[in-house]
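Engineer: Before anything else, here's the structure in question.
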Amino acid sequence: MTDVRSGPGRAATGDSPGDSPGGARILVIDHPLAAHRLSGLRQATTDSPTFRLLVAELSTFVAYEALRDLATVDRQVDTPVASGVWCRRVEETVLLVPVLRAGLGMVPAIQETLPATDVAHVGLRRDESTLLADVYLNRLPGDLTGRRVVVCDPMLATGGSLAQVCTMVKERQASSVSVLSLIASVPGLAFFRSVHPDVDVACVAVDPALDERGFIIPGLGDAGDRLFGPPD
Numbered sequence: 225m226t227d228v229r230s231g232p233g234r235a236a237t238g239d240s241p242g243d244s245p246g247g248a249r250i251l252v253i254d255h256p257l258a259a260h261r262l263s264g265l266r267q268a269t270t271d272s273p274t275f276r277l278l279v280a281e282l283s284t285f286v287a288y289e290a291l292r293d294l295a296t297v298d299r300q301v302d303t304p305v306a307s308g309v310w311c312r313r314v315e316e317t318v319l320l321v322p323v324l325r326a327g328l329g330m331v332p333a334i335q336e337t338l339p340a341t342d343v344a345h346v347g348l349r350r351d352e353s354t355l356l357a358d359v360y361l362n363r364l365p366g367d368l369t370g371r372r373v374v375v376c377d378p379m380l381a382t383g384g385s386l387a388q389v390c391t392m393v394k395e396r397q398a399s400s401v402s403v404l405s406l407i408a409s410v411p412g413l414a415f416f417r418s419v420h421p422d423v424d425v426a427c428v429a430v431d432p433a434l435d436e437r438g439f440i441i442p443g444l445g446d447a448g449d450r451l452f453g454p455p456d
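Offset between the sequence shown (1-based) and this note's numbering: plus 224.
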């Protein structure tokens, strides 16, 4: 289980099943403001507009903490009272890969946070009897050599869909792959790390279990339905 032992207001890193020595991180955003918003996401009576706002705000928190290693360069700027002041600016264009459809709810807020992004959509449809996913949309570039790719999905439940998307990204030779989520499950993280022990995962909470449908317990239900309404 993710070890969240840092104090309030700090980001915690910890080990989970499937970690390897010196491997990637599981970053859990342990902050009172994140916890407050998470309680609103979990609340069954939260309406869709409020739910979308909370997803956006938490996505900003997660991106802020998870992308501390963005590449920067030194540039000179002129302030109102001084010339030639050296400042750091982000020079990296991040490729965001939202997993449809729930991942779409995270992208606008992350784009507002990052100076430069590209977006490539991937859609997976889960068979509710087998819990396996089929790809129905793939807009990934054929060659991702040298690119930082951030895969976005609010829920890391079974871990199968996210593992599948990360495999697709790696096959295109991305130089860096990470996952931004909001809620993960212990079994989902264990499976994901068994497939991709080198991929960082950032989230706001790690819940203990899955139900028979593969939903996170206690979780928040179906994130896609709560963001955009149930399908017809």
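C-beta atoms are modelled at their ideal positions from N, C-alpha and C, and glycine is treated no differently.
#1: Just reading off the alpha helix (DSSP H) that Leu-386 is part of, what are its end residues?
#2: Let me make sure I understand the geometry here. Which of Cys-311, Gly-445 and Leu-294 has the alpha-carbon closest to that of Thr-303?
#3: Could you check the C-alpha separation between Ser-402 and Leu-451 for me, to the nearest Å?
#4: Could you give the DSSP three-state label for Val-305: helix, strand or coil?
#5: So Val-393 and Val-419 are supposed to be a Cβ contact under 8 Å. How far apart are they, rounded?
#6: Distance check for Tyr-360 and Leu-189, CA to CA, integer angstroms please.
#7: Please state if the CB of Ile-334 and the CB of Ala-287 are separated by a distance shorter than 7 Å.
#8: By DSSP's criteria, Thr-341 is part of a beta bridge. Which residues make up the other side?
#9: Using 10 angstroms around the beta-carbon of Leu-257, count the other beta-carbons present and answer buried if the total reaches 16, otherwise exposed.
#10: Can you give me the start and stop residues for the alpha helix (DSSP H) that Val-286 sits inside?
#11: Which of the three DSSP states, helix, strand or coil, is assigned to Ala-248?
#12: Is it buried or exposed, Gly-412, if we count other Cβ atoms within 10 angstroms and call 16 or more buried?
#13: Kindly indicate which three-state DSSP category Ser-418 falls into: helix, strand or coil?
#14: Rank Ala-268, Leu-291 and Gln-397 by C-alpha distance to the C-alpha of Thr-369 and give the top, closest one.
#15: Of all the options Asp-367, Ala-433, Leu-320 and Arg-299, which has the alpha carbon lying nearest to the alpha carbon of Glu-336?
#16: Taking only the alpha-carbon atoms, compute the straight-line gap between Phe-285 and Leu-338 and give it to the nearest angstrom.
#17: Check Ser-405 in the structure and name its three-state DSSP category.
#18: Count the other CB atoms within 10 Å of the CB of Gly-453; is the residue buried (16 or more) or exposed (fewer)?
#19: On the DSSP bridge list, what partners appear for Arg-463?
#20: Would Ala-207 pass as a contact of Pro-378 if the rule is Cβ separation under 7 Å?
#21: Grouping DSSP H, G and I as helix and E and B as strand, with all else coil, what is Leu-451?
Structural biologist: So, to answer that:
#1: Element bounds for Leu-386: 384-395.
#2: That would be Cys-311, whose Cα lies nearest to the Cα of Thr-303.
#3: Spanning the two alpha carbons is a distance of roughly 23 Å.
#4: In the structure shown, Val-305 sits in coil (DSSP, three-state: anything other than H, G, I, E or B).
#5: Taking the Cβ atoms as the reference, Val-393 lies roughly 13 Å from Val-419, outside the contact range of under 8 Å.
#6: Coverage of the chain is limited to positions 225 through 456, which leaves residue 189 absent and any answer about it impossible.
#7: Yes, Cβ-Cβ distance for Ala-287 and Ile-334 is below 7 Å.
#8: According to DSSP, Thr-341 bridges with Val-318.
#9: Exposed is the call here.
#10: Where Val-286 is concerned, the enclosing alpha helix (DSSP H) stretches over 272-290.
#11: Three-state result, Ala-248: coil.
#12: Only buried fits Gly-412, as 16 or more other CB atoms lie within 10 angstroms of its CB.
#13: In the three-state reduction of the DSSP assignment, Ser-418 falls in the helix class, which pools H, G and I.
#14: Taking only the C-alpha atoms, the option nearest Thr-369 is Gln-397.
#15: Selected option, being the one with the closest Cα: Leu-320.
#16: Phe-285 and Leu-338: Cα-Cα distance of roughly 12 Å.
#17: Three-state DSSP puts Ser-405 in coil, outside helix and strand.
#18: Around the beta carbon of Gly-453, fewer than 16 other beta carbons lie within 10 angstroms, which makes this residue exposed.
#19: It is not possible to answer for residue 463, since the shown part of the chain is limited to 225 through 456.
#20: With the chain represented from 225 up to 456, any question about residue 207 goes unanswered, as that position is not in the structure.
#21: Leu-451: helix per DSSP, three-state reduction.
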